[in-house]
Every structure is written in structure tokens, then in C-alpha cells.
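**Q** Protein chains in written order, with our numbering: chain U, 1251 to 1620; chain P, 1251 to 1620. From the three backbone atoms N, C-alpha and C, an ideal C-beta is built for every residue, glycine too. Please read all numbers here as calculations on a predicted model, not as lab measurements. Quick one: structure below, then a few questions.
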């Protein structure tokens, strides 16, 4: 699985793995892929530094990258308290009622919510970057829109490639104009924030729209067959996120959540605004059903919704309240049926890829080649 | 593009083309694919007989099939008038208001609506079958659920293969239990009735679920690259519907509609209940927006919605009222940018397929083979 981009980055397989877990990121790169650590949960620079140190000690000198959430547009002089004040009381009451209905316990006194809006704010992302540029990262990915011009310039000064996620050819062209190096075409079936265009249609459209920029296909990819299909569609690599959630190196801190992921079928996800205010694919739960119910108050726009539900989500996760317990994940969750090591996932990907290439060669009448 | 199934049917390319136009169906088979005529619009048996005669005269002895809409469950003793009586007056008024707002003229006195519920009713489908079995069709496809057991048996007696559309692995297994021969896995991105699982995920799931039955991939396929990707995912062929709508052999009777299709991007469709009461992907228009607007009355369940809007849709189409003018079509509409002959579409498909296979062979390090 070698493309121009994988050769440029010096990796064996054109498989990019996005993960919030340092152990998974390191294992992806050690297995011959390209690990990308999601930084959104790091609010303290020292925590990020500690985990990047860990990666450096365990990645065997292989290349890796970092994924931040950095808006191109600044919102000046707005504090988290200002944003908090914009949340209607009726919505707060709906959160309290829904949690009470399911008997979700309170957090202990002084216990912080695990997820805060702060990771989404520009000053936090910039602090993350100050840390990240102390390390030999090879890729900086931005999960929401194009990164600011000065960040792109700073990355390029250090020979760090910049990637950005796009759900349409129009978004992809905007990224190209912003000077980024790689577009991640994120299809409808992907976990997390997605648009409505499915990978089968989106991948070749984005490839054509930003030619000659390399494109990574994201969404619906968890087997070697799907890797082969995505590369057939013109991508220079694949960007996998969901598949790592049930690897042995992942640390979800919740056996119940791991169990739900292993049990879920491809039809058990929903593209809902419940988590952040923008449509994001996640496990369908009674929590997402409550927010998507026309009889409920509905969701608030980003970033209000994320702030509104942050503590509730922490409580649901901490106490593993199963009917409400979810996580962002793509439709490929139906293929996540056993806990495997990252290396075992790679072994399956490469074997499945070779078999799929054999198959399409037979169909093309090139049977001597398969 | 040869698979076990295409060899069994004696066609050169494993490309199945669904179309309501006899001239397109004949051209697909003449070009080396397998043309499938949609029968839902034929309410008079003689009309179907006339068009099948035309196909026989123009298809050059190539194989072809027929697509009917036949529910497995009978609804006994319910007439169209009974169904009409179940439509609330408020919904009828909403139709009148929406048409009036856009100045849509009335049909002439005695002029029939072009689309009626009758094509969806079992007695009509059975009459269609009585006609069809007089012709040497090789495939009978059912667009909605599994066909009744006696119809499957009747087809098999005549060595006619039976296909059924499925939007999930569970649906596909039900078809298999009903004794059908081919499953069409219809992804989220497809035109017409679709589920929520995208082709990239659905195709391999259905292939695995019904093994060893052959699966055709539908949804998001309009280029040779996409054909190659679908076959890589394990399909024994592809099922294309949208791509033929803008061929020179198609007869939409509406230059304005053809123009809208040629201009639309992949983001200009919507999966809406506006047409039939079940989610069907179609061009997004002010008509679908009105039905999908939370401030409106909302859609009725199938078959009420189809009956409610039948005359309105005929009027919109006849008078080409552009803001309301739509048609079922998949996300691949973004690739339909010029009118081409069916043969030209096939030439592009086969050339693109070969290039995609070359590309994936290079990535797999089999460069001597590309």
C-alpha cells in the first residue's frame, strides 16, 4: 500500500490512523502506518508534553502527527463564561431531567468534567501547537475548517505537512487556497463531524477538485477491501479513526462502552447534533434520541451544545449509564466485533487489501497477475 | 468486467442498468451490459407489451430484465378510493397552496395524472408479470421487499433469475430466505428508496451476509473508478440507475429537468419522504423543502403520500415549474455534466475501470501488471 504520499512521509502503508490514545498512535506508526494523535482533549500543555514524550519513547523513530481543532476565524474577547451565559435555562433543565430519568449520579465535589469547550478555543489550540512544534511531528491536521495562515506558515517553516478535513469539493478547494498540503475527504459514513456526501461519491470529487494535492479517504473504511476501494477511487491514502477504538492498546476507561461498540451494527449509529451542535456521527443512544426527538427542545448551535452537555457526558461515561452511553464512531462499527491489537488490525488490512486487488484483477481479466 | 454472474447471464460487462426508458434498456444491453426496464409506470398491459415488443426489435438478441414493484404482503379488498379517503384535508390544502404559490397551472380537463398509485398495487404488478413472462426476460427485479413465493417459483420455472433490493444485511438475508437469486445492495447515496448505510459499508456487509448469493452494488456509481471500487468490495456487478437519465436515449420529456440534472452537484439531492412516504433520494427542490419543513404538515405514510402528490407532480413536470421540478436521482448526479449516448457512458466506464485497476496495481506494488 505505497503511494507518492506514503513514500514522501517514509511509511510502509498509506494508512493514516487518527486516535486520542498515545499508545494507539505509536502502535500505528510501529506497524508501518502513520499515527495521528488527537489533541482536543489536552487542556493542560504539560499533559500533551507528557504524552508526546511517551510517544517519542515508544514509536521507534517512526513518523507521526498531531490533530488539533483550530478555527480560521478568531472570536476575540469571548470567554467561556460569556458562552455559558448564552445557554437557555430550558435546555439546562432538559439535561437535568434526562439525567435524572436515568438515575445518573453527580460527579464528586471538585471533580472536573472530562470534556470542556476549552480544547476547541483558539488560545488552547495555539498552546498545543507551541508544545507540538518542540517535537519532530511530520503532520499537523486540523479537524474543523482551514487552519489560520500563520499556523500553516509556521508548520511549513518546520517542514511539517498540513492536512484539513473536508466534507465537500467546495470545502476542499477552500483548504487548497489556504495553502494546506493534504485534504482528508470525510464521507457521510464517517465517525465524528461529517457532511452528507458518501465516500464513494466524495472521494473522487475531492481528488479531482484539488488535483494535484494528495487526498486521504475517510469514512466507511475498516477492512483491506475498503482500503483497496478507497485507493481505487483516487485517494493517496486512507484515514481511519473508528477502527482503533476497540484495539487492545485503546483505553476507553469503560468496559461497557467497549462492549457496546463490539455489539453495534452498521445501522446503530446516527448523525446527530447532540454532542457539539454540528452533525457528528456517533452511537445511537437514548441520549441522542432525546436530543433528536421533535418533542424535545432540540440542540443548540456550536459551541453552546458542547458546553451544555460536557458535564452530562462525563457523568454518563464515568458511571457507564448504558442506555445513554455513546461515542463518536462511524458506520464501520459493524465490523468491530472483537478486540484486536493494532498490529493485528494492520495484518488484516494488508491481507484484505491484497485479496481485494487479486479479485479486481480477475474481474479485469488479468488473472495471470493475481 | 467479467464476473461469475455476468458470464452466467452471457453479458460482456457486469454492469446492470435500471431505466424506465425502453430505448435506454436496449442500448445498455447492446453496449454489453444488462438492461433492466422499470415497469412501475405501466398501468395498461398493452403499453408494457408495446414497449417490450420494441425492445425485442432493437436489442439485437441480447439479454435483458424487468423491474416491478410487488409487495410480499397482500392488502386484500382495499381500493384506491379507500386509500384516497384516508388523506387528511389539511394535507390536500397544503398541496393546493404550494402549487398556487408557484403558479402551477391545472391539467386539462380529462387529462390523466402521469403517475398513479396503481403501479404499486399487487394486481397491477401481477398483470405486468403475465405480460412479461410472454417475453424471454432473463431477470425479474423487485424494488420493494421480497417478491411473493409464487412469483419466485413462476420465475424459476421459466429460468428467470429473481433480484431484490436491500438497504441492510438483515433485509438481504430475508430476501435470501425468500429464495431470490441476486441481492441489489442499495446504499444511502443511491437515487430512489434508500436506507442510511453507505455503499462503502453496505456492499461488503451484504456480500458476507448472503454468501454465496451474488450481490450487485447500487448507489454512488457512475464512473469506471466507482465500478472498480464496488467490485473490489466484493460485488459481482454494479446496478446503475441515475447515470442513464441524461443519456441521449433517455426521454424525460422535459428539457428543464435535464438541465437541472446536468447542473446539479452531489450536494443537491435530499433523502426525502415527499415523493412516496418512504425516504427516497431525489433532487432537492422547493417542493421537497416544503414537505421537509418542520413548519409544514409533514409527509404521510406510504402509499398515502404518493397518492396525495401524484397529480401535483404531473402538473409540475408538465409545465416545468423549475423551482419545484425534481426527480429521483442519486448523489452521482454531480458527475452527470453532459448528455452522452449510452454507448459513450459504457466506453467511459470501461476505460475508467481499466485505469483504476492500473492504479491500484501500482499501489499494491504490482507495477509490471498495470
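Please list the partners that residue 1385 of chain P has in chain U, where partner means a Cβ-to-Cβ separation under 7 Å.
**A** In chain order: nothing, as chain U lies at least about 30 Å away.
**Q** Pick helix, strand or coil for residue 1354 of chain U, following the three-state DSSP scheme.
**A** coil
**Q** Throw me the rounded Cβ distance for the residue 1390 of chain U and residue 1374 of chain U pair, which I believe falls under 8 Å.
**A** That pair is no contact at about 15 Å.
**Q** Tell me, please, whether the CB atom of residue 1483 of chain P is closer than 8 Å to any CB atom in chain U?
**A** yes
**Q** Any C-beta of chain P within less than 8 Å: which residues of the stretch 1432–1463 of chain U qualify?
**A** 1437, 1438, 1439, 1445, 1446, 1447, 1448, 1449, 1450, 1451, 1452, 1454, 1455
**Q** Tell me whether the beta-carbon of residue 1427 of chain P lies closer than 8 Å to the beta-carbon of residue 1438 of chain P.
**A** no
**Q** Check whether the Cβ atoms of residue 1272 of chain U and residue 1259 of chain U lie closer than 8 Å to each other.
**A** no
**Q** Using the Cβ count rule (16 or more neighbours within 10 Å means buried), how would you classify residue 1358 of chain U?
**A** exposed
**Q** Name the chain P residues that come within less than 9 Å of residue 1253 of chain U, Cβ to Cβ?
**A** 1612, 1613
**Q** If residue 1583 of chain P and residue 1511 of chain P are in contact, beta carbons under 8 Å, what's the gap, nearest whole angstrom?
**A** That pair is a contact at about 6 Å.
**Q** Looking at the secondary structure, which residues open and close the alpha helix (DSSP H) in which residue 1596 of chain U lies?
**A** 1592–1613
**Q** Keeping to the same chain, check which residues put their C-beta closer than 6 Å to that of residue 1619 of chain P; ignore five residues upstream and five downstream.
**A** Its pLDDT being 47, under 50, residue 1619 of chain P is placed unreliably by the model, and nothing is read from it.
**Q** Between U/1508, U/1347, U/1276, which has its C-alpha nearest residue 1540 of chain U's C-alpha?
**A** Closest option to residue 1540 of chain U, Cα to Cα, is U/1347.
**Q** Could you tell me whether the Cβ atoms of residue 1471 of chain U and residue 1465 of chain U are closer together than 8 Å?
**A** The answer is no: Cβ separation not under 8 Å.
**Q** Any beta carbon of chain C sitting closer than 8 Å to that of residue 1582 of chain P?
**A** Of the protein chains in this structure, namely U and P, none is chain C.
**Q** Taking the CB atoms as reference points, tell me whether residue 1554 of chain U and residue 1333 of chain U lie closer together than 8 Å.
**A** yes
**Q** When you compare the CB of residue 1475 of chain P with every CB in chain U, is at least one pair closer than 8 Å?
**A** Yes, residue 1475 of chain P lies at the interface with chain U (some Cβ there is under 8 Å from its Cβ).
**Q** Return the chain-ordered ranges of every alpha helix (DSSP H) run that is complete within the stretch 1269–1321 of chain U and spans a minimum of 4 residues.
**A** Entirely contained in the stretch 1269–1321 of chain U, the alpha helix (DSSP H) runs reaching 4 residues are, in chain order, 1272–1280, 1295–1308.
**Q** Could you tell me which chain P residues have their CB closer than 7 Å to the CB of residue 1606 of chain U, listed as they occur along the chain?
**A** 1482
**Q** Just mark residue 1503 of chain U as buried or exposed, buried being the case when its beta carbon has 16 or more other beta carbons within 10 Å.
**A** exposed
**Q** Who are the neighbours of residue 1478 of chain P on chain U, taking C-beta pairs under 7 Å?
**A** 1482, 1610
**Q** Note the first and the last residue of the continuous beta strand (DSSP E) segment covering residue 1582 of chain P.
**A** Taken as a continuous stretch (DSSP letters only), residue 1582 of chain P belongs to no beta strand (DSSP E), as it is neither H nor E.
**Q** Between which residues of its own chain and residue 1528 of chain P is the CB-CB distance below 7 Å, once the five residues before and five after are set aside?
**A** 1443, 1552
**Q** Indicate whether residue 1575 of chain U and residue 1549 of chain U have their beta-carbon atoms separated by less than 8 Å.
**A** no
**Q** Determine, for residue 1516 of chain U, whether the minimum Cβ-Cβ distance to residues of chain P falls below 8 Å.
**A** So yes, residue 1516 of chain U belongs to the interface.
**Q** Please list the residues of the stretch 1413–1424 of chain U that have a C-beta atom closer than 7 Å to any C-beta atom in chain P, keeping them in chain order.
**A** Result list: 1418.
**Q** Residue 1619 of chain P by DSSP, collapsed to three states: which one?
**A** With a pLDDT of 47 at residue 1619 of chain P, under the threshold of 50, the modelled position of this residue cannot be trusted, and the question is left open.
**Q** Any chance the stretch 1449–1465 of chain U sits against the stretch 1447–1454 of chain P, with 3 or more Cβ pairs inside 8 Å?
**A** yes
**Q** Using the Cα positions of residue 1491 of chain P and residue 1379 of chain U, report the straight-line distance between them to the nearest angstrom.
**A** 48 Å
**Q** List the endpoints of the continuous alpha helix (DSSP H) containing residue 1541 of chain P.
**A** 1536–1542
**Q** If the cut is a Cβ gap below 7 Å, which residues of chain U does residue 1470 of chain P touch?
**A** 1448, 1450, 1451
**Q** Does the Cβ-Cβ distance between residue 1434 of chain P and residue 1413 of chain P come in under 8 Å?
**A** yes
**Q** Cα-Cα, which of P/1600, P/1276, P/1531 is closest to residue 1623 of chain P?
**A** There is simply no residue 1623 of chain P to check, as chain P begins at 1251 and stops at 1620 in what is shown.
**Q** Starting from the N-terminal side, write out each stretch of the alpha helix (DSSP H) that is 4 residues or longer and does not extend beyond the stretch 1470–1517 of chain U.
**A** 1474–1482, 1505–1513
**Q** With respect to the alpha helix (DSSP H) encompassing residue 1449 of chain U, which residues constitute its N-terminal and C-terminal limits?
**A** The continuous alpha helix (DSSP H) containing residue 1449 of chain U extends over residues 1449–1460.
**Q** With DSSP collapsed to three states, give me the class of residue 1556 of chain U.
**A** helix
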